[in-house]
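Enquirer: Line order of the protein sequences matches chains C and P.
Numbering-wise, my numbering puts 237 at position 237 of the first sequence, and it's gapless, one number per residue.
Here my numbering runs 1000 ahead of the position in the second sequence, where the first position is 1.
One structure is given below, represented as structure tokens, and several questions about it will come after.
2 protein chains.
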Amino acid sequence: MSLTNAPAGAVRQGSLRELNLALVLGRIAAADRPPSRADLATATGLTRATVSAVVEDLLAGRLVGEADPAPRAGAGRPARGLVLADQGPAGLGLEVNVDYLAVCVVDLAGQVRHHTVQRADLRPVAPAEALARLVELAGQARADAARQGLTLAGAALAVPGLVDGAGLVRLAPNLGWRDVPVPALLAGHPPLTEQVPGVPALVVDNEANLAALGELHSRPPGPASFLHISGEVGIGAGIVLDGALFRGVRGWSGEIGHLPVHPEGRPCRCGGQGCLEQYAGQEAIVAAAGLARAELPADTATARLAELAEAGDADALRALHEAGTALGVAVAGVVNLLDLDTVVLGGGYAPLSPWLCPPVLAEIASRVLTAAWSPVTVRPATLGAEAAAVGAAGSVVRQIVARPAGWLARSG
Amino acid sequence: MSLTNAPAGAVRQGSLRELNLALVLGRIAAADRPPSRADLATATGLTRATVSAVVEDLLAGRLVGEADPAPRAGAGRPARGLVLADQGPAGLGLEVNVDYLAVCVVDLAGQVRHHTVQRADLRPVAPAEALARLVELAGQARADAARQGLTLAGAALAVPGLVDGAGLVRLAPNLGWRDVPVPALLAGHPPLTEQVPGVPALVVDNEANLAALGELHSRPPGPASFLHISGEVGIGAGIVLDGALFRGVRGWSGEIGHLPVHPEGRPCRCGGQGCLEQYAGQEAIVAAAGLARAELPADTATARLAELAEAGDADALRALHEAGTALGVAVAGVVNLLDLDTVVLGGGYAPLSPWLCPPVLAEIASRVLTAAWSPVTVRPATLGAEAAAVGAAGSVVRQIVARPAGWLARSG
DNA sequence: ACTATTTGTTCAACCATTGAATTATTTGCG
DNA sequence: CGCAAATAATTCAATGGTTGAACAAATAGT
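This is the structure:
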């Protein structure tokens, strides 16, 4: 999962090449212009001879391609730019959420090459049925990818709930799922992806975690450490530390929605009192703004709220200010604890961020001891509503970039 | 800082040996019985030939020694056990705290080989003077270490405050320090340690961080991820994630004392309201227990509190219960956020933990969503009051174990 | 005394990197 | 137009570290 390519065990001679493959490919991925072999040599510290050999492997494995030479001033033989291949391995991203299914394909360069969203209320649908529909969409995505010369090398599924290491969805309250064994339910269907050494066929993870990963790998790349908050019906956070998602001991990190902001306040369904979710959850904001709860689709409610706030509706503005203040109390605590300098508001919060950011910043300014020396940035997410699906697909291709040897072993 | 020996840049041929030196030495350090070369080969996946070569380097560099063969049943040539050398490099740990100075020396195996504590109220003492006294103690420690065949390879200084990357103590409120440039103040004195490639001569860090590191490397080794809370006048936390201390973007993580537990409550000197420190800080507990604040030394106050609680004093018990509840609210938030399964109460909290743990556990049980599936352990720290100094010294030797090539380059 | 067994070392083969020399391809200048 | 300078990329013998198999060492069991 980590971006650092740390050899876990023995370092044999082959590992040496493996590590340098990852190093060079990582540089190509991180560069904003197609680098030449000479650029890579100076950037990595390897000799040009080694870089050439490594690049030869990468070219043979169709992980990188040669681009038109970037125009350069001065004399000398022109460089040949290296770019991530637009054909070759790709990642499949899947998402089951309360009111839609989403499937997307992301290539090595991080480009979204296929994207489908199927709106439907998934709450009355049985998990097996929802997954079956997803498999259907995935099949179409696979065919579309193949048409574009892409091979699906792995898949990741985002769900709005707690997932354990084996892909068992312990609890997805807003979806009504409980102890859903996703891999077992998918076993009867045709495989979604190819088998690639080192890349798991399917990872199931929390939607907030994968949305945070999407933000981490978006262009331009975000900071190495930040907090990504998904404000849906529940409030989840993805915690990215030093360029890697921190999942917690059991993979259940990020339950920011149950940080206490008014310890003697409203009871919460978690059993505690005064949890953030009771003050800054989507339902709480909508209720505080006096909106009828009848208009159910979550994205509609958020859009309506933004409209009202834009129009200067006093109730909406007050509701957003209160929610932002509650959010700020919680975020200030997290920033104090983890010393982060960036907070990203994603999911349903993104369109509301013009009204949420100011009170959040105000709470940070008054509660964070170190804010005086180091400003904290609070900004909306750059990815859209389907950030989780894109992040899921991106997490697959990042694994290949981080350890290309597995892919090369397969195709050669 | 990380335990994973990830090559940052190019992986050259020499790195290969460097990595395997670290791998083998790490195994020797982690083993609970002196392993043979054959054990190491199976454990690491290297061949016996390679392990022999690597061990030869380690023996020549005096990082490991051969122990008496561990008695083993069955036939075969007896193995020669390998242990971390009890002579060779050692770490120097320093601590400036409100009411004492501490210096200690820890060897490769983690044994404390020298330990001095000088009690004195440091608040009226100028930083330069305090550091001068520390240098004096360090000189004695160095001489003592030399007598035992130890070479000080690096030093770490623990201070109760915020430290930036360059060793500047931005703020140590309870010590009265502000913007104290520790490395500059130490420049006039004789060097505390040898120069070893890859090991910084002096690291200055927060006391809570280093105490957490001490706990991480104590025997038996603690879990890979936990929260270590130092309850002194202020409340600091060291956050250990996946076997590495998480310092935050600027090194200022762990300010748990300012998590809000009663957002509309007592004003705090940080500018916020209802911070944990106002309810579970040492002064708050002492005041709530009705103890005269005159008995100033912090450890005395804590000891007195424990005495009273032991004797069944109602005020003391109530004060501890309230403090534990406030602490539990904050800890529950952290556990929700980071999904940790272990919380260690250290510093002044350690002797009070019999009375603090129950309310902390109660709050966790009622506020942590995932507590039903995965119990959270709350326990006192195993290291004593000078955990920070021991952790500081330990952090130095861990660097050598994690990258032995630097030490070997020096000595031969 | 002999065999089975396990440990540790030796040595030729192998693999990836290295560094210098070589080839390739352009710009700049007379 | 032709040549020198400059930069990019490849070739190749040398090097350093790991490998695997064979071998030496040392013990327990029979």
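We put the CB at the ideal spot given by N, CA and C, even for glycine.
Source: prediction; values computed, not measured.
Listing by chain order, which chain P residues have their CB less than 7 Å from the CB of C:Ser-253?
Expert: Leu-1337, Leu-1338, Asp-1339
Enquirer: Which residues in chain C have a C-beta closer than 8 Å to the C-beta of P:Gly-1176? List them in chain order.
Expert: Chain C residues near P:Gly-1176: none, gap ~16 Å exceeds 8 Å.
Enquirer: Which residues, in chain order, does the stretch 356 to 372 of chain C contribute to contact with chain P at a C-beta distance below 7 Å?
Expert: The residues in question are Ser-366, Arg-367, Leu-369, Thr-370.
Enquirer: Does any residue of chain C have a CB that is nearer than 8 Å to the CB of P:Val-1261?
Expert: yes
Enquirer: Rounding to the nearest angstrom, what Cα-Cα distance links P:Leu-1216 and P:Thr-1342 in this structure?
Expert: 12 Å
Enquirer: Does the contact criterion of 3 or more C-beta pairs under 8 Å hold for the stretch 188 to 205 of chain C versus the stretch 309 to 316 of chain C?
Expert: Touching, no, given that fewer than three Cβ pairs across the two stretches are closer than 8 Å.
Enquirer: If you draw a straight line from the C-alpha of P:Leu-1082 to the C-alpha of P:Ala-1132, how long is it?
Expert: Here the alpha carbon of P:Leu-1082 sits roughly 40 Å from the alpha carbon of P:Ala-1132.
Enquirer: Hey, how far is the Cα of C:Ala-288 from the Cα of C:Pro-223?
Expert: 34 Å
Enquirer: Among C:Leu-92, C:Gly-272, C:Leu-305, which residue has its Cα nearest to the Cα of C:Leu-320?
Expert: C:Leu-305
Enquirer: Would you tell me roughly how many angstroms separate the C-alpha atoms of C:Ala-211 and P:Cys-1270, rounded to the nearest one?
Expert: 33 Å
Enquirer: Using beta carbons (cut-off 8 Å, strictly below), is C:Val-163 in contact with chain P?
Expert: no
Enquirer: Contact between the stretch 1238 to 1247 of chain P and the stretch 1202 to 1211 of chain P is defined here as three or more beta-carbon pairs at a separation below 8 Å; is this criterion met?
Expert: yes
Enquirer: Tell me whether P:His-1114 sits in a helix, a strand or coil according to DSSP, three-state version.
Expert: P:His-1114 falls in the strand class under three-state DSSP.
Enquirer: Using a beta-carbon distance below 8 Å, is P:Leu-1016 in contact with chain C?
Expert: With a threshold of 8 Å between beta carbons, P:Leu-1016 makes contact with chain C.
Enquirer: Is P:Glu-1277 helix, strand or coil by DSSP?
Expert: helix
Enquirer: Select from the stretch 1017 to 1038 of chain P all residues with a C-beta closer than 8 Å to any C-beta belonging to chain C, and list them in chain order.
Expert: Leu-1019, Asn-1020, Leu-1023
Enquirer: Report the residue from C:Ala-332, C:Val-159, C:Leu-175, C:Ala-141 whose alpha carbon sits nearest the alpha carbon of C:Leu-122.
Expert: C:Leu-175
Enquirer: Would you say C:Pro-7 faces chain P, with C-beta separation under 8 Å as the test?
Expert: Confidence at C:Pro-7 is low in this model, with a pLDDT of 48, below 50, so the placement of that residue is unreliable and no value is reported for it.
Enquirer: In the DSSP assignment, find the beta strand (DSSP E) that holds P:Cys-1268 and state where it starts and stops.
Expert: Note, P:Cys-1268: premise wrong, no beta strand (DSSP E); not H, not E.
Enquirer: State the Cα-Cα distance for the pair C:Gly-45 and C:Glu-277, rounded to the nearest angstrom.
Expert: Rounded to the nearest whole angstrom, the CA to CA distance from C:Gly-45 to C:Glu-277 is 49 Å.
Enquirer: Let me see if you follow: with CB-CB separation under 8 Å, is P:Ala-1010 close to chain C or not?
Expert: yes
Enquirer: Please report how far the alpha carbon of P:Gln-1087 lies from the alpha carbon of P:Ser-1052, in whole angstroms.
Expert: Cα to Cα, the separation comes out at about 21 Å.
Enquirer: Can you tell me which of P:Gln-1111, P:Pro-1035, P:Val-1117, P:Val-1112 puts its alpha carbon nearest to the alpha carbon of P:Tyr-1100?
Expert: P:Val-1117
Enquirer: Is the CB of P:Met-1001 under 8 Å away from at least one CB in chain C?
Expert: Any reading at P:Met-1001 must be qualified, since the residue scores a pLDDT of 39, below 50, and its modelled position is unreliable; no value is offered.
Enquirer: Going by the CB atoms, is the gap between C:Ala-153 and C:Ile-467 shorter than 8 Å?
Expert: Nothing about residue 467 of chain C can be read from this structure; chain C reaches only from 1 to 412.
Enquirer: According to DSSP, which residues form a beta bridge with P:Phe-1226?
Expert: P:Val-1240
Enquirer: Going by the DSSP bridge assignment, what does P:Cys-1104 pair with across the sheet?
Expert: Beta-bridge partners of P:Cys-1104 (DSSP): P:Gly-1093, P:His-1115.
Enquirer: Do we get a CB-CB distance below 8 Å when we pair C:Gly-406 with the residues of chain P?
Expert: The beta carbon of C:Gly-406 does not come within 8 Å of any beta carbon belonging to chain P, so the residue lies off that interface.
Enquirer: Quick one: what's got a C-beta closer than 8 Å to C:Leu-150's C-beta in the same chain, skipping five residues either side?
Expert: Gln-87, Gly-88, Pro-89, Ala-90, Val-105, Asp-107, Arg-113
Enquirer: Answer yes or no: does any C-beta atom of chain C fall closer than 8 Å to that of P:Ala-1402?
Expert: no
Enquirer: I'd like the list of long-range same chain contacts for C:Gly-12, defined as Cβ closer than 8 Å, with 5 residues on each side in sequence excluded.
Expert: Sequence check: residue 12 of chain C is Arg here, not Gly. None.
Enquirer: Can you find at least 3 beta carbon pairs, one from the stretch 1230 to 1240 of chain P and one from the stretch 347 to 357 of chain C, that sit closer than 8 Å?
Expert: no
Enquirer: Relative to the C-alpha of C:Pro-359, which residue among C:Thr-325, C:Thr-382, C:Thr-300 is closest?
Expert: C:Thr-325
Enquirer: Helix, strand or coil: how does DSSP classify C:Val-203 here?
Expert: strand
Enquirer: Can you list, in chain order, the residues of its chain with a C-beta nearer than 6 Å to that of C:Asn-20? Leave out the 5 residues immediately preceding and following it.
Expert: Val-54
Enquirer: Using beta carbons (cut-off 8 Å, strictly below), is C:Ser-395 in contact with chain P?
Expert: no
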